[in-house]
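If you're matching them up, the sequences are chains A and B in order.
Reading the first sequence from the start, the letters are residues 1 to 268 in the numbering used here.
Reading the second sequence from the start, the letters are residues 269 to 690 in the numbering used here.
A virtual CB, placed ideally from N, CA and C, is assigned to each residue, including glycine.
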Amino acid sequence: MTSSVSVASDSSSVNDKIPRLQLRNISKSFGGVHALQHVDFEVYDGEVVALVGDNGAGKSTLIKTISGAYVPDEGETLLDGQPVSISSPQDSTRLGIETVYQDLALCDNLDVVANLWLGREAYRDLVPGVLRVLDETEMERQTIDVLKVLDVKIPSVRSAVASLSGGQRQCIAVAKTILRQPKVVLLDEPTAALGVAQTRQVLNLILRLKERGLAVVVISHNLHDVFEVADRVIVMRLGRRDSTFDTRSSSREQVVAAITGATSGAAA
Amino acid sequence: MKSLNRDAPHESQDNSGSQGQDEQGNALVHQPTAAAPRAKFNLRSLMQGDLGFIPVILTLALITIYFQLTTSGVFLEARNLSNLTQQIVTIGILSIAAVLVLLLGEIDLSLAAVAQACAAIMATVSVYQGWNPWLAMLAGLLAGALIGLVNGFFIAVLRVPSFIVTLAGSIAYSGLLLVVMGRQTTLVVRDPVIRSLAPTYLNPVLGWGIPLVCLGLYALGVWYERRRRSQAGLSVRHSSQTALQLVGAAAVTIILIFLFESYQGVPQAVMIALGLVLLFWVVLRKTPFGRHLYAVGGNAEAARRAGIGVVRMKITVFMLASTLAALAGIMMTSRSTAVATQISSTLLLNAIAAAVIGGVSLFGGRGSVWAVVLGALVIGSLDNGLDLLNQDQSVKNIVQGAVLLLAVTADAVVRRTGLRGR
């Protein structure tokens with residue numbers, strides 16, 4: 001079985017640079033199941049890479065390896081060309097890799113500001129060492145700024161997250177990671193279960209992240225969405241990296257063929 | 269008593285489900301973003317939001333009017349109101365503990381047993397060991413903290429449902445109570461310091477001074493926050509609204525103190541209980557700890573991912589709750605001057621009921637500690653009013669049960685409609 005055959009290597013301007021994040025020869029097994037076998041992966045600054053593939057192809061395992069939820073059995077991870085070790089979610093966060101999970105990690109009972117700043121609230125020492133109070137003004141001001149930059153529209157930053165639409169909630173989940181000023185953002189099925197307008201909203205947000213020079217990795221089943229935002233599409237198949245497509249020079253049919261195994265990459 | 273002016277209308281209403289934010293006080297000023305659609309007037313959102321307390325206040329008003337008419341004016345006499353507020357101090361403090369645990373989405377069924385067991389420990393070391401009264405009370409409080417640590421360990425670390433842990437705990441701690449008490453069924457406390465804790469009335473200087481200082485600090489805080497917001501370019505509430513808010517708080521406070529002073533003064537026990545409510549209001553609404561507590565109650569997994577120590581938070585809350593329960597037990601002992609081996613059957617349920625009647629959700633993450641004041645007043649008024657009417661315990665039980673059921677039903681209905689709004 002051939003693997004890692006780059007169908008579209010004409011994106012030379014990108015390939016000359018050092019990838020922001022690179023994985024080399026990653027393998028991961030769960031018992032007898034080889035979830036990932038010698039997978040290479042790379043994403044550059046200001047680029048959106050889509051990870052596609054059938055169920056069980058290894059997309060989620062790969063993302064979880066990057067985010068530190070899984071530790072790979074072998075292989076190495078490089079950030080800006082430097083080898084790094086990611087053995088826990090805290091490690092990846094510290095290195096500037098943020099993951100937005102499928103199941104939204106928001107507290108419904110809190111408002112947008114509180115959710116965005118959860119766990120790292122701005123505060124002032126009212127009585128130093130004794131009473132530390134939340135700096136709501138500062139948090140609200142910065143929340144409005146961030147949402148304006150990302151062009152996320154919500155009724156009020158003081159509305160409870162429970163009252164927002166699915167797309168708005170997804171945007172808040174993404175904005176939450178942006179506040180930490182990451183280098184790499186991983187999104188797991190960001191448009192799953194969203195309506196047309198809401199999907200539009202989230203895709204715009206992904207493009208905005210790219211504009212800001214972030215390296216963005218998106219897992220998606222929806223090829224329409226993928227072709228709309230991604231620069232490169234990496235097809236995973238049976239735990240291997242099957243092929244890579246440049247969205248400007250390839251068609252959806254080619255990608256579908258690679259996903260289903262009809263072409264196994266090289267034939268295209 | 270700031271909660272009573274929560275009905276001040278807001279400049280802009282959010283769509284729904286913002287009950288968790290309704291006690292932000294001055295910090296809760298909506299920021300209409302550029303494309304903010306003006307939210308329609310919507311009764312449901314009002315019920316869940318800033319006017320969430322209105323049904324309870326209306327209920328309280330109805331109860332008051334009914335008893336005022338049927339007792340031919342005795343109910344609202346200064347003497348009776350003074351008694352009523354002192355009667356609900358124990359329930360109130362216990363209810364603060366219940367609120368903390370409920371906000372976490374857990375329950376503590378051992379509160380009443382812990383209160384009595386810790387009170388017994390305090391009484392024993394005071395009576396038989398001759399300990400200094402303050403040291404004896406400290407021993408009671410520490411025993412409470414230790415019990416909370418045990419509860420919290422089983423719930424947070426071993427992940428046993430809190431319902432089971434605290435149910436088992438309530439049985440075990442009532443056994444501990446019997447061990448501590450030995451063969452006696454009641455132990456009379458003779459120490460004057462412990463005995464004077466609850467029944468004392470503050471002198472007018474303190475009775476007026478403490479609330480007025482608190483009021484002043486509150487006004488200062490509102491004014492300061494408002495200035496910072498306008499400096500940061502954020503929307504601020506209309507100045508007349510802010511004024512209304514402050515005048516309302518001041519009016520309620522001053523009327524209350526006049527009432528108390530026209531009888532024997534502000535009861536020390538009431539001042540302690542209200543002070544605790546105020547303290548926990550600040551902690552829950554204004555500090556990172558409080559924010560994290562609401563977050564864990566709303567979505568523990570999200571809180572964990574945000575780097576909040578969920579296990580530590582749960583243990584801390586159960587320790588706080590049991591310590592507060594111990595304090596409630598001490599106040600109860602001070603009022604009745606004795607500890608009994610018999611644990612009041614209604615105490616625990618009334619404490620949890622007060623929280624729920626005041627709008628604290630049984631499902632975690634929603635509600636304010638001011639619920640305690642309103643809920644305890646509702647329960648206390650029913651108890652007190654039915655006593656004035658010479659009603660039997662049977663009637664009191666039925667009425668209180670019905671009110672509790674109504675409150676929980678309201679909670680469930682509001683929660684359901686809130687979820688539908690998504």
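8 Å Cβ cutoff, residue i in contact with chain A
| i | result |
| --- | --- |
| Glu-374/B | no |
| Arg-573/B | yes |
| Tyr-562/B | yes |
| Lys-582/B | no |
| Ala-680/B | no |
| Arg-505/B | no |
| Gly-566/B | yes |
| Leu-296/B | Annotation note: pLDDT 36 at Leu-296/B (below 50); position unreliable, coordinate value reported separately. It does: the Cβ of Leu-296/B has a partner Cβ on chain A nearer than 8 Å. |
| Leu-524/B | no |
| Leu-502/B | yes |
| Ile-415/B | no |
| Gly-543/B | no |
| Ala-675/B | no |
| Thr-555/B | yes |
| Ala-623/B | no |
| Ala-424/B | no |
| Arg-603/B | no |
Candidates the options, of which the one nearest residue i by Cα
| i | options | result |
| --- | --- | --- |
| Gly-533/B | Val-515/B, Pro-472/B, Asp-679/B | Pro-472/B |
| Leu-95/A | Gln-82/A, Cys-171/A, Thr-199/A, Val-52/A | Gln-82/A |
| Arg-241/A | Lys-28/A, Ala-197/A, Gln-37/A | Gln-37/A |
| Leu-409/B | Phe-422/B, Gly-398/B, Ala-424/B, Val-393/B | Val-393/B |
| Arg-169/A | Ile-86/A, Asn-115/A, Lys-148/A | Asn-115/A |
| Asn-109/A | Pro-190/A, Ala-160/A, Leu-150/A | Ala-160/A |
| Cys-386/B | Arg-573/B, Thr-609/B, Leu-368/B | Thr-609/B |
| Phe-271/A | Ala-122/A, Asp-40/A, Val-49/A | Because chain A spans 1 through 268 in this model, residue 271/A falls outside it and cannot be assessed. |
| Gly-653/B | Leu-672/B, Leu-337/B, Val-637/B | Leu-337/B |
| Leu-485/B | Leu-546/B, Ser-508/B, Thr-454/B | Leu-546/B |
| Val-146/A | Asp-91/A, Ala-57/A, Arg-212/A | Arg-212/A |
| Val-229/A | Val-216/A, Arg-237/A, Ala-193/A, Val-235/A | Val-216/A |
| Val-218/A | Gln-181/A, Gly-239/A, Gly-53/A, Glu-74/A | Gly-53/A |
| Val-607/B | Arg-427/B, Pro-401/B, Val-324/B, Leu-445/B | Leu-445/B |
Buried or exposed (CB count within 10 angstroms, at least 16 for buried), residue i
| i | result |
| --- | --- |
| Gly-195/A | exposed |
| Ile-620/B | buried |
| Glu-136/A | buried |
| Thr-677/B | exposed |
| Met-42/A | Just to set this straight, residue 42/A is Glu in the shown sequence, not Met. Its Cβ being crowded by 16 or more others within 10 Å, Glu-42/A is buried. |
| Tyr-492/B | exposed |
| Asp-111/A | buried |
| Pro-429/B | exposed |
| Phe-431/B | exposed |
| Gln-354/B | buried |
| Pro-128/A | exposed |
| Asp-45/A | buried |
Rounded distance between the beta-carbons of residue j and residue i, thought under 8 Å
| i | j | result |
| --- | --- | --- |
| Gly-565/B | Leu-371/B | 5 Å |
| Val-255/A | Leu-203/A | The Cβ separation is near 17 Å, so there is no contact. |
| Leu-134/A | Lys-664/B | Leu-134/A to Lys-664/B, Cβ: 42 Å. No contact. |
| Ala-436/B | Ile-611/B | The pair is not a contact, with the Cβ atoms about 15 Å apart (cut-off 8 Å). |
| Val-490/B | Leu-514/B | 6 Å |
| Glu-140/A | Val-100/A | Going by Cβ atoms, the distance from Glu-140/A to Val-100/A rounds to 22 Å, so no, they are not a contact pair. |
| Glu-569/B | Ala-105/A | 7 Å |
Contact with chain B by residue i, beta-carbon distance below 8 Å
| i | result |
| --- | --- |
| Ala-312/A | In this structure chain A extends from 1 to 268, so residue 312/A is not present and cannot be described. |
| Ala-8/A | Note that Ala-8/A has pLDDT 43, beneath the 50 cutoff, so the model's placement of it is unreliable and the number below is only indicative. No - not a single Cβ of chain B is within 8 Å of the one on Ala-8/A. |
| Tyr-44/A | no |
| Glu-189/A | no |
| Thr-177/A | no |
| Asp-151/A | no |
| Glu-121/A | yes |
| Thr-65/A | no |
| Glu-140/A | yes |
| Asn-109/A | yes |
Distance cut-off 7 Å: residue i Cβ against heavy atoms of the ligand FMN
| i | result |
| --- | --- |
| Gly-81/A | The ligand content of the structure shown is nil, which means the ligand FMN is not present either. |
Contact with chain E by residue i, beta-carbon distance below 8 Å
| i | result |
| --- | --- |
| Gly-626/B | Reference to chain E is not applicable here, since the protein chains of this structure are A and B. |
Self-check item: Segments of 3+ residues assigned as beta strand (DSSP E) that fall wholly inside the segment 444-504 of chain B
Solution: 454-456
Quiz item: Can you list, in chain order, the stretches of the beta strand (DSSP E) that have 3 or more residues and sit fully within the segment 97-143 of chain A?
Solution: 97-100, 123-127, 131-134
Exercise. Please specify which runs of the beta strand (DSSP E), each continuous and at least 3 residues long, are wholly inside the segment 139-214 of chain A, giving them in chain order.
Key: 184-188
Self-check item: Entirely enclosed alpha helix (DSSP H) segments - the segment 32-106 of chain A, minimum 4 residues
Solution: 59-67, 89-94
Quiz prompt | Every unbroken alpha helix (DSSP H) inside the segment 562-594 of chain B [4 residues or more] | solution = 568-573
Exercise. Output the residue ranges of the alpha helix (DSSP H) runs that lie fully inside the segment 214-261 of chain A and measure 4 residues or longer, sorted by chain position.
Key: 223-229, 252-260
Practice problem: Taking only runs that begin and end inside the segment 613-660 of chain B, name each unbroken alpha helix (DSSP H) of 4 or more residues, in chain order. | Solution: 615-625, 639-656
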